[in-house]
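Student: Submitted below is the structure of interest, expressed as structure tokens.
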Amino acid sequence: MEPLQEAAAAAAGGRKRRRRGGGRNRRKHQASSSSGAAASASPPSPPAKRQRGDDAAPKGRGSKPKPASLLDKMRARLSGGHFRMLNEKLYTCSGQDAFDYFTNEPDLFDVYHAGYREQMSHWPEQPVNVIINWLKSHSASWTVADFGCGNAAVSKNVKNKVFSIDLVSEDPSVIACDMAHTPLESSSVDVAIFCLSLMGTNYPSYIEEANRVLKPSGWLLIAEVRSRLDPNTAGADPDKFCEAISKLGFSLVSKDAKNKMFILFHFRKKEKSKVVKNIDWPQLKPCLYKRR
Ligand SMILES: C[S@@+](CC[C@H](N)C(=O)[O-])C[C@H]1O[C@@H](n2cnc3c(N)ncnc32)[C@H](O)[C@@H]1O
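Here it is in structure tokens:
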């Protein structure tokens with residue numbers, strides 16, 4: 001079985017299915033549900049349940065791993081497809097729609113992240129690690145907001161106080177909300193991070209929210225999939241992207257394009273910024289994964 005499929009199958013079928021509203025910490029902050037949005041998001045059929053005995057490989061001395069059964073392979077294929085469908089969903093709907101969708105089906109978050117982890121295992125460098133190392137080389141007293149934190153790797157690996165934000169909260173330290181509207185106080189954080197998380201069609205509103213919560217001179221770190229910001233692959237013009245963020249009140253400090261799979265931008269919020277309306281944000285195309 002391919003690793004993605006194996007991981008996704010484990011997430012989809014190997015866990016006890018959690019019922020709505022139970023078993024998982026789902027704190028909703030300012031996240032009103034729009035009924036229209038919920039209706040427009042048609043959830044996929046629930047992940048296939050794992051049959052008893054699927055994991056029953058003999059544990060005795062000298063036993064060999066059991067080869068994947070046809071049923072395992074079919075289930076895994078279904079889960080791999082599930083991941084790609086969820087990924088496309090996240091890139092093609094608004095943050096509010098995504099929030100409603102995952103709030104209704106929180107188990108799908110595991111399916112998405114199992115597939116995401118497998119995809120990332122093929123990248124030579126993980127952008128989140130580059131960001132973690134950058135944070136470690138700066139003041140541990142800085143407060144950090146990790147927008148679209150996933151498994152909250154940042155907060156687990158630095159000494160800073162970190163507000164971890166995502167659509168679903170699997171651990172109590174993660175704030176579940178649409179990151180266009182967080183419960184964080186204005187001018188309260190020193191560093192705002194978007195690590196591959198500018199997924200929604202309304203991504204500028206996430207950066208506007210980061211601008212609201214950042215202190216003057218605060219840092220804005222954005223890691224994005226390279227192809228989304230490469231005009232040679234139908235991506236957006238990175239200069240236009242940076243220009244839009246500059247108009248919001250940031251200065252570009254560095255653009256690190258040495259990694260094969262992602263670009264990392266460091267911006268700094270200006271001490272005083274005037275409100276500019278009608279910023280021309282470039283559209284960012286979805287990052288779709290091919291079947292391996
Ligand atoms: C590609 S994953 C990256 C996770 C993590 N930053 C990392 O680098 O490992 C993007 C994350 O952003 C989250 N996300 C996307 N749109 C969001 C939104 N509107 N509000 C909160 N989280 C969002 C997704 O749920 C997902 O966990």
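Residue numbers (full-length UniProt numbering): 1 to 292. The beta carbon of each residue, even a glycine, is placed where N, CA and C say it ideally should be.
(1) Check whether chain D comes within 8 Å of T143, counting only Cβ atoms and requiring the distance to be less than that.
(2) What does A257 pair with, by DSSP beta-bridge criteria?
(3) In this structure, how does DSSP classify A68 when only helix, strand and coil are distinguished?
(4) State yes or no: is the C-beta of F99 nearer than 7 Å to some heavy atom of ligand 1?
(5) Run through DSSP, which three-state label would L214 get?
(6) Do A192 and F147 have their CB atoms nearer than 8 Å?
(7) Kindly indicate which residue of A98, L288, D100 has the alpha-carbon position closest to the one of T233.
(8) Contact check, L284 vs F267 under 8 Å by CB: the rounded distance?
(9) C93 lies in the alpha helix (DSSP H); which residues open and close that run?
(10) State buried or exposed for S164, treating a residue as buried only when at least 16 other CB atoms are found within 10 Å of its CB.
(11) Any heavy atom of ligand 1 inside 7 Å of the beta-carbon of residue 302?
(12) Please determine if the region 109 to 123 and the region 171 to 181 are in contact, where contact requires at least 3 C-beta pairs separated by less than 8 Å.
(13) Could you check how far apart the C-beta atoms of T143 and N160 are, in whole angstroms? I think they sit under 8 Å.
(14) For a test of the three-state rule: what should DSSP assign to E271, helix, strand or coil?
(15) Per DSSP, what kind of secondary structure is D190 in: helix, strand or coil?
(16) Any heavy atom of ligand 1 within a distance shorter than 7 Å of the CB on M261?
(17) Do A152 and C195 have their C-beta atoms within less than 8 Å of each other?
(18) Tell me whether S69 is buried or exposed, calling it buried when 16 or more other Cβ atoms sit within 10 Å of its Cβ.
(19) Could you check where the alpha helix (DSSP H) with I131 kicks off and where it finishes?
(20) For T201, which residues does DSSP report across the bridge?
(21) Do you know whose CA, among P216, T201, K258, K272, lies nearest P286's CA?
(22) Is the distance from the Cβ of I263 to the Cβ of D256 below 8 Å?
(23) Looking only at C-alpha atoms, which of E105, C149, H113, V154 sits nearest to N133?
(24) By the three-class DSSP mapping on this structure, what secondary structure does C287 have?
(25) Would P282 be called buried (16 or more neighbouring beta carbons within 10 Å of its own) or exposed?
(26) Which whole-angstrom value describes the C-beta separation of Q96 and D178, a residue pair presumed to lie in contact below a C-beta threshold of 8 Å?
(27) Provide the residue span of the beta strand (DSSP E) that contains A145, from first to last.
(28) Considering only the beta carbon of each residue, do M199 and L90 sit closer than 8 Å?
(29) What three-state label does DSSP hand K161 in the structure shown?
Tutor: In brief:
(1) Of the chains in the structure shown, none is chain D; there is only one protein chain.
(2) According to DSSP, A257 bridges with nothing at all.
(3) coil
(4) yes
(5) strand
(6) yes
(7) L288
(8) 16 Å between Cβ atoms; not a contact.
(9) Where C93 is concerned, there is no enclosing alpha helix (DSSP H), given that its DSSP letter is neither H nor E.
(10) buried
(11) Since the first and last residues shown for the chain are 1 and 292, residue 302 lies out of range.
(12) no
(13) 7 Å
(14) coil
(15) strand
(16) no
(17) no
(18) exposed
(19) 127 to 136
(20) BP columns for T201 are empty, so no partner.
(21) T201
(22) yes
(23) V154
(24) coil
(25) buried
(26) 5 Å
(27) 143 to 147
(28) yes
(29) strand
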